[in-house]
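Using the numbering used here, count along the sequence shown one by one with no gaps and you end on 1407. Encoded as structure tokens, the structure appears first; notes follow it.
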Amino acid sequence: MTTPGGSPPDDDYAWEWGTDFGSTLDEATILAISTNGAKTKFTGVQGAVGSEIREPAEHTRLIAVSAQGTADEAVTTAQAAANAAANAENLADAAYENSQEWSLEFVCASAEVLLGVNELLVGPMLNVRDGLNAILTDIHVALLEQHNGMTIQTRKWNAEGTAYTVAHEGSLGPNTTRRSFSALSVPVEDLERFFPYVTAVVGSVPPQVLQICVAGVYVPE
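Printed below as a string of structure tokens:
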């Protein structure tokens, strides 16, 4: 069987055969038509990969890097604060190690212990030299008898004797005749005087004989 007009040309020259039948499509146009859809789809996919996958991934990576930097900065700040606290503690320890101790002991009541100031009306004075600070660190309470419990304030008169402050308040339980209050940190000014004030006595039997020792350290200003 033969094709009208002669045998068809090879596939490579099929576009030339079309011109014999009035086609105006050249080789470039035919190639564009046959591949344009594929090229367009590939270009669209390529753009989508960039905008929907690569860019968000890069953005996420930048956020992670930024977060890591913030975390590192926070850790550095925390370490600096810890170091500063440790240095301050070391300085305080060194100051206490190089400090001089002081103590004052006095009898508050030689018989029954009553509410109020009892027998000590003025109290012992602490002399603080220039260039030093005095700190009250310990209070030691001793009684001859004490049956039901009591509460004592340790007060300080100012240098002029016109006003007082409460340096500490502590309680003793039933049948307790010795009690120490330690780890205090109460500043003491020059010429201030200590005196106790009994604020409560439990029961009807009064305690007997009250003696108090206040102690502390001198540290450089």
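C-beta atoms are modelled at their ideal positions from N, C-alpha and C, and glycine is treated no differently. Predicted model only: the values in this text are computed from it and were never measured.
* Buried versus exposed call for residue 1359 [16 or more other C-beta atoms within 10 Å across all chains shown] -> exposed
* To do: Excluding the 5 residues preceding and the 5 following residue 1287 in the sequence, name in chain order all residues of the same chain whose CB lies nearer than 6 Å to its CB.
  => 1403
* **Integer-rounded CB distance, given that residue 1302 should sit under 8 Å from residue 1383** => 6 Å
* To do: Inspect the beta-carbon positions of residue 1351 and residue 1332 and report whether they are closer than 8 Å.
  => no
* How about residue 1291 and residue 1342: do their beta carbons lie closer than 8 Å? -> no
* If we count the other Cβ atoms within 10 Å of its Cβ and call it buried at 16 or more, is residue 1313 buried or exposed? -> exposed
* **Three-way DSSP call (helix, strand, coil) for residue 1340 in this model** => strand
* Asked: Is it a yes or a no for the stretch 1334-1341 touching the stretch 1389-1405, going by three-plus beta-carbon pairs under 8 Å?
  -> yes
* Helix, strand or coil for residue 1264 per DSSP? -> helix
* **Distance between residue 1327 and residue 1297 (C-alpha atoms, nearest Å)** => 15 Å
* Asked: Tell me, which residues are paired with residue 1406 by DSSP?
  -> 1318
* Asked: To which residues does DSSP link residue 1302 through a beta bridge?
  -> 1384
* Asked: Quick one: what does DSSP say residue 1346 is sitting in, helix, strand or coil?
  -> coil
* Cβ neighbour criterion (16 or more within 10 Å) applied to residue 1299 -> buried
* Would you report the Cα separation of residue 1406 and residue 1344, rounded to the nearest angstrom? -> 21 Å
* State the Cα-Cα distance for the pair residue 1330 and residue 1339, rounded to the nearest angstrom. => 19 Å
* **Rounded straight-line distance, which links the Cα of residue 1367 to that of residue 1356** => 8 Å
* Would you identify the three-state DSSP class for residue 1259, choosing helix, strand or coil? => helix
* Asked: Can you give the beta carbon distance from residue 1325 to residue 1374, rounded, assuming they're within the 8 Å contact cut?
  -> That pair is no contact at about 12 Å.
* Rounded to whole angstroms, how far is the Cβ of residue 1396 from the Cβ of residue 1304, which I believe are closer than 8 Å? -> 7 Å
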